[in-house]
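In this note's numbering, the protein residues as written are 993 to 1412.
The C-beta atom is built at its ideal place from N, Cα and C for all residues, glycine as well.
Working notes for the structure below.
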């Protein structure tokens, strides 16, 4: 028994050494991959070059590769030296329709089409770093595969949501069997954060990110000349009243001492000319909730309120609500195990408990099927202030390259500890 215990302690000690022993060569590779992907971003369900880069890299490591999953997804399977559990690691690949505005030497100048409009394309949420980190983890584990079980590398398209009329993202990957053959026992994922210092990771057990729904409100009125508004039923005026009404659902119908909730209108389109009151308007937005009961209350109130507001002004309105992502829920037992690994890799003081956030993640689709753990990785350069960090999804968004190496170390340590 003493001999077995000594062997286990020695193995744990070796794994600790492995997770810390990263070569400068691998670090440079990860940063270079990140720069190349950042400079060549692709929109959701269109990540063709990114997927090709990932697939070629995994094949070069001798990893079994499957492409074309959920349109452009790539899945790699690395088998250890002995039978054991199957762990999945996930990175999302898509960029955003944002024109980059910073002075990075590897900034994106890509122009594409989104929603019928010409737009810049940018990795404004850090998915380029996620891909580079997981490529680095794959290289390290492929060269140090003296572990039991297997690692499934999931490079996911369309985390930001597929284009209208298309399916995509984590949910489609699950539908296409990404968690099967072999069956996945647990899954890990991370997200870099521009306001969290490099070297720090943040986590929360249970709900860490909100459930999200996409809503569309179509308003119908009556067109008239802009000089004679009394002859119209103005859909723009109705839309303004609806927006105001939606916010009263949050301020008057949502128990905010229980959990946070958000309704945001992100897009409104109506009319084509300055002196014509148009016939219709359309609003598109998002609902974010951290509690299922509150979510259902908000949805019910929207369906009750929106048509009545339009009717009060002589028009009509229809609401469509589409599920985008469930609550991102960290399995408590897996979280407890993962925190120990993170503390081992990055130091106890650098592993910090956080409050839930109203951002959403379709990583939740994997967590609905298997236990999962999702955490935030620091990307704020040393010496910079969090309050000055550009927000995600903005043209000025930036994260520091040095954060990537901490991400690789953390994911390697998580993987080895789980499998052993």
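Note on the stretch 1340 to 1374: whole beta strand (DSSP E) runs with a minimum of 3 residues are 1343 to 1345, 1349 to 1352, 1364 to 1372, in chain order. DSSP, read as helix, strand or coil, puts residue 1098 in coil. At least 7 Å separates the beta-carbon of residue 1255 from that of residue 1276. Look at residue 1155 here: in three-state DSSP terms it is coil, with no helix or strand label. The Cβ atoms of residue 1333 and residue 1405 lie closer than 7 Å to each other. Sequence-distant Cβ neighbours of residue 1391 in its own chain, meaning closer than 7 Å and more than five residues away, are 1118, 1121, 1184, 1186, 1371. For the 7 Å CB-CB criterion, residue 1285 and residue 1318 do not form a contact.
Judged by beta-carbon spacing, residue 1144 lies within the 7 Å limit of residue 1069, meaning their Cβ atoms are closer than that value. Put simply, of 1125, 1292, 1189, 1033 the residue whose alpha carbon is nearest the alpha carbon of residue 1099 is 1033.
Residue 1301: member of the alpha helix (DSSP H) spanning 1284 to 1304, first to last residue. Contact annotation: residue 1194 and residue 1368 have beta-carbon atoms nearer than 7 Å. If you check the CB distance, residue 1309 and residue 1235 do not come in under 7 Å. A residue is called buried when at least 16 other Cβ atoms come within 10 angstroms of its Cβ; residue 1043 meets this threshold and is buried. DSSP, read as helix, strand or coil, puts residue 1393 in coil.
For the pair residue 1202 and residue 1282, the CB atoms are nearer than the 7 Å cut-off. Spanning the alpha carbons of residue 1233 and residue 1290 requires a straight line of approximately 17 Å. Collapsing the DSSP output to three states places residue 1386 in coil. Residue 1096 counts as exposed, since fewer than 16 other C-beta atoms from the protein chains shown sit within 10 angstroms of its C-beta.
Per DSSP, reduced to three states, the secondary structure at residue 1245 is helical. Fewer than three pairs of CB atoms, one per stretch, sit closer than 8 Å, so the stretch 1328 to 1347 makes no contact with the stretch 1156 to 1164. The Cβ-Cβ distance between residue 1211 and residue 1227 falls below 7 Å. Assignment of residue 1141 by DSSP, reduced to helix, strand and coil, places it in the strand class. In the structure shown, the three-state DSSP call for residue 1063 is coil. Exposure of residue 1345 is indicated by the presence of fewer than 16 other C-beta atoms within 10 angstroms of its C-beta. Residue 1216 places its beta carbon less than 7 Å from that of residue 1269. Contact fails between the stretch 1100 to 1108 and the stretch 1018 to 1027, because fewer than three Cβ pairs, one in each stretch, are under 8 Å apart. In the DSSP assignment, residue 1208 falls within the beta strand (DSSP E) that extends over 1198 to 1212. Burial check for residue 1074: the Cβ neighbour count within 10 Å stays below 16, so the residue is exposed. Secondary structure note for residue 1079: its beta strand (DSSP E) is the uninterrupted segment 1074 to 1084.
Around the beta-carbon of residue 1160, 16 or more other beta-carbon atoms lie within 10 Å, marking it buried. In the three-state scheme derived from DSSP, where H, G and I count as helix and E and B as strand, residue 1170 is classed as coil.
The DSSP-derived three-state label of residue 1110 is strand. Excluding residues up to 5 positions away in sequence, 1073 lie with their Cβ nearer than 6 Å to the Cβ of residue 1138 in the same chain. For residue 1333, the enclosing alpha helix (DSSP H) covers residues 1324 to 1338. Taking each of 1189, 1116, 1071 in turn and checking the Cα distance to residue 1134, the smallest one comes out for 1071.
Residues of the same chain with a CB within less than 7 Å of the CB of residue 1411, apart from the 5 flanking positions on each side, are 1072, 1076, 1077, 1079, 1139, 1140, 1141 in chain order.
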